[in-house]
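Numbering (the working numbering), first residue to last: 315 to 726.
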């Protein structure tokens with residue numbers, strides 16, 4: 315997860331928003347927020363900058379010591395574990411982050427009676443903290459946070475981690491103190507329809523299940539699971555005709571379900587939230603700002619430029635070859651001069667072959683390399699594989715911060 319330097323303020327504003335939403339989770343002591351904080355610390359972010367944001371976000375659900383002390387313990391655990399890792403000259407990696415997140419749940423035992431229920435509660439919260447720290451670390455090492463509306467370049471485990479993150483955010487949004495869960499509906503419908511608009515129907519249905527299951531875990535309600543899965547199904551069906559019909563279908567399905575179902579009442583604000591989420595999803599310019607990092611136009615320009623240069627090199631090679639032949643026929647010209655022109659023609663010939671080998675790209679191999687490097691915790695911004703056969707050329711682009719961190723870990 316690497317943002318340009320000019321957007322550092324926006325980056326940390328996003329962290330603050332994520333912490334605030336995750337701290338709204340109603341049942342446990344914000345284990346997903348602790349997991350995110352630890353994962354960020356394990357991926358090169360400075361805890362001293364993240365700590366005030368995290369501690370401030372712990373009050374998102376109200377002023378409560380039960381919410382503040384787990385956040386404080388998590389910050390202290392991350393700082394202590396990072397110091398110990400530095401002392402033994404080991405990098406602060408995923409396992410250390412999971413341990414730090416798990417330690418954030420100690421206050422649940424210190425400030426409550428030690429009973430069987432309290433121990434079970436602590437065990438669940440501890441497991442969620444450690445597991446979320448591991449899952450969030452996986453996707454933080456990819457470009458997912460820079461562009462969350464595309465799954466390009468993510469492996470199977472990273473897609474599962476993204477689903478876990480969306481489920482955790484859904485838990486927080488559903489726990490927000492709103493009568494008809496307007497914010498939860500707006501965000502859920504937006505992401506579902508965006509993926510359906512991009513013809514990622516499987517991702518859209520997966521998100522509807524994650525968001526609906528979050529509501530079920532919170533209060534046992536299954537109506538939101540039925541609602542969001544139905545919105546995904548209706549929108550996917552109408553999407554084949556028009557993206558706007560898909561948005562209208564999302565709102566229409568809610569209206570019909572609320573009138574014909576006794577379990578789901580009609581709320582104007584909930585209808586407005588669904589309409590707003592659907593409208594934003596169909597109007598947002600996906601092709602410009604939110605597409606995957608696949609520079610098709612740039613590659614076409616490069617390919618055409620190389621083809622043009624190849625043709626020019628072919629012409630130069632032919633010209634120098636003809637000059638060499640003519641010089642041999644002219645009396646009074648030494649053989650050395652003719653050989654020089656012939657040598658220059660040979661150089662152009664070799665350059666022509668080099669440019670000819672580099673005019674094709676291999677997107678399938680690029681995708682495999684992205685997934686392989688991601689599993690090895692090497693976040694890449696772009697990979698280009700050009701050529702064919704034994705003349706393949708591979709270009710791997712990572713940002714400066716990632717490079718510095720990698721070389722620093724290697725030096726230690």
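Using N, Cα and C, we set each Cβ at its ideal position, and we do this for glycine too.
Own chain residues within Cβ distance below 8 Å of residue i, not counting five before or after
i	result
residue 640	none
residue 444	349, 412, 413, 415, 416
residue 558	596
Extent of the continuous alpha helix (DSSP H) to which residue i belongs
i	result
residue 539	537-553
residue 473	470-488
residue 402	Neither: residue 402 is in no alpha helix (DSSP H) and is coded neither H nor E.
residue 419	Here residue 419 belongs to no alpha helix (DSSP H), and DSSP marks it neither H nor E.
residue 496	496-511
residue 567	557-574
residue 292	One cannot answer for residue 292 here, as it falls past the ends of the chain, which runs 315 to 726.
residue 519	515-533
Residue i - DSSP class collapsed to helix/strand/coil
i	result
residue 310	Limits of the chain in this structure are 315 at one end and 726 at the other, which puts residue 310 out of reach.
residue 709	strand
residue 595	helix
residue 698	strand
residue 337	coil
residue 491	coil
residue 360	coil
residue 683	helix
residue 413	helix
residue 641	helix
residue 378	coil
residue 407	coil
residue 346	helix
residue 326	helix
residue 605	For residue 605, the predicted structure reports a pLDDT of 41, less than 50, and the residue's modelled location is therefore unreliable. A value from the coordinates is still provided. It is coil, neither helix nor strand.
residue 367	helix
residue 391	helix
residue 352	helix
residue 373	coil
residue 623	helix
residue 589	helix
residue 659	helix
residue 583	helix
residue 386	helix
residue 308	Since the first residue shown for the chain is 315 and the last is 726, residue 308 is missing from the structure and cannot be characterised.
residue 578	coil
residue 628	helix
Cβ separation of residue i and residue j, assumed to be a contact under 8 Å, to the nearest whole Å
i	j	result
residue 391	residue 414	4 Å
residue 775	residue 475	Residue 775 lies beyond the residue range present for the chain, which begins at 315 and ends at 726; the question has no answer from this structure.
residue 339	residue 486	5 Å
residue 565	residue 594	So it is not a contact: roughly 13 Å between Cβ atoms.
residue 410	residue 356	7 Å
residue 419	residue 439	5 Å
residue 697	residue 706	In fact, because the Cβ distance is near 12 Å, the residues do not count as touching under 8 Å.
residue 591	residue 532	Rounded, the Cβ-Cβ distance is 20 Å, inconsistent with contact.
residue 484	residue 498	7 Å
residue 446	residue 345	6 Å
residue 539	residue 530	6 Å
residue 374	residue 334	4 Å
residue 479	residue 450	6 Å
Same chain, Cβ closer than 6 Å to residue i, neighbours up to 5 away in sequence not counted
i	result
residue 382	372
residue 549	507, 510, 560, 563, 564
residue 555	none
Residues near residue i by beta carbon distance below 7 Å, same chain, minus five either side
i	result
residue 393	361
residue 579	572
residue 666	624, 627, 628, 631
residue 546	506, 510, 518, 519, 522
residue 601	With a pLDDT of only 49 at residue 601, under the threshold of 50, the placement of this residue in the model should not be trusted; the figure read from the coordinates follows. Closer than 7 Å at the Cβ level, and outside the excluded window around residue 601, lies no residue.
residue 740	This structure cannot speak to residue 740, because the chain is shown only from 315 to 726.
residue 365	389
residue 637	655
residue 662	627, 630, 631, 634
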